[in-house]
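Just below is one structure, and these are the notes that go with it.
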Amino acid sequence: MIKFVCNDYNEMSRLAAEIVAGQITAKRDSVLGLPAGSTPVGMYMELVKKKLDYKNIIAFNLGEYYPISKRNNLSYYNLLHEIFFNKINIRRENIRLFDGETSDPDEECRKFEEDINRAGGLDLIVLGIGSNCHIGFNEPSDKLVLGTHVNDLTPRTIKESSKFFATPEETPRRSMTMGMGTIFAAKKILLLANGSNKADAVAQMFSGRISTRCPATLLNLHHDVTIILDSAAAAKI
Ligand code: GLP
2 MIKFVCNDYN EMSRLAAEIV AGQITAKRDS VLGLPAGSTP VGMYMELVKK KLDYKNIIAF
62 NLGEYYPISK RNNLSYYNLL HEIFFNKINI RRENIRLFDG ETSDPDEECR KFEEDINRAG
122 GLDLIVLGIG SNCHIGFNEP SDKLVLGTHV NDLTPRTIKE SSKFFATPEE TPRRSMTMGM
182 GTIFAAKKIL LLANGSNKAD AVAQMFSGRI STRCPATLLN LHHDVTIILD SAAAAKI
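In this text, residue positions in the sequence shown follow the numbering used here: the first is 2, and each later residue adds one.
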């Protein structure tokens with residue numbers, strides 16, 4: 002794993018955008034796995050500023066709450082459109098996001114995995130990390146699922162997510178997520194983490210141990226991982 006420790010969030014975001022831009026410049030039709038959440042917002046803003054030719058990139062998102070309306074401001078569908086897709090020249094047909102409104106989430110996950118394979122697999126996946134060490138919505142557990150799947154969120158993730166939803170009852174209890182195998186099949190992985198609430202999870206990644214109880218630790222087994230941290234997230238390494 003290659004690790005960069007930046008002074009602050011802005012520096013982390015600029016460096017992440019450089020790496021993603023490098024990938025797109027080297028391969029105009031790059032297949033990308035993209036996260037939502039607060040961590041990558043600055044990176045997307047930097048990428049928008051770069052005004053690259055995004056026409057031929059193919060974008061998949063990492064996960065989505067389930068169920069959730071596309072119109073809900075907190076859906077990852079909406080977030081990724083607002084902060085990134087609506088501001089770049091990507092072809093609409095090249096955007097493949099989970100449908101949080103589907104009545105058959107298992108089938109949606111099966112098709113999602115199939116679509117990634119049909120696109121030729123992910124060239125680069127960008128990841129955030131949950132404070133409980135989750136990747137996408139692969140939550141700490143005795144067993145992890147290889148492929149894209151429907152998953153129950155842990156009480157901690159529901160609690161953290163519920164800060165954003167108007168009422169706790171509105172917070173989705175489930176998700177659709179790329180599995181660890183889907184993520185591992187990406188040629189390159191870029192993980193971003195900022196803030197002191199990520200320091201424990203980040204420290205576990207660098208502990209020299211791996212465990213399904215901390216899904217992010219499994220990234221140590223991938224051959225091409227770059228991790229960009231701000232100083233607060235790196236404080237316990
Ligand atoms: C969420 C998402 C992840 C994200 C993580 C951290 O639950 N499923 O993809 O990376 O938690 O979120 P944030 O960036 O807001 O801290």
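C-beta: ideal position from N, C-alpha, C; glycine also.
| Query | Result |
| --- | --- |
| For the structure I just gave you, are there three or more beta carbon pairs, one from the region 205 to 216 and one from the region 160 to 172, closer than 8 Å? | no |
| Please state if the CB of residue 167 and the CB of residue 195 are separated by a distance shorter than 8 Å. | no |
| Which full runs of the alpha helix (DSSP H) of 4+ residues lie inside the region 10 to 57, going along the chain? | 10 to 27, 42 to 51 |
| Could you check which residue in 96, 100, 12, 45 has the C-alpha nearest to that of residue 72? | 100 |
| Mark residue 1 as exposed unless 16 or more other C-beta atoms lie within 10 angstroms of its C-beta, in which case mark it buried. | Because the chain is modelled from 2 through 238, residue 1 falls outside the range shown and cannot be assessed. |
| For residue 227, which of helix, strand or coil comes out of DSSP? | strand |
| So the candidates are 61, 48, 75, 8; which of them puts its Cα closest to the Cα of residue 179? | 61 |
| Can you tell which of 13, 144, 37 has the C-alpha that lies nearest to the C-alpha of residue 219? | 144 |
| Can you give me the Cβ contacts of residue 4 inside the same chain, cut-off strictly under 6 Å, excluding the 5 residues immediately before and after it? | 228 |
| Hey, would you say residue 132 sits closer than 8 Å to residue 154, going by beta carbons? | no |
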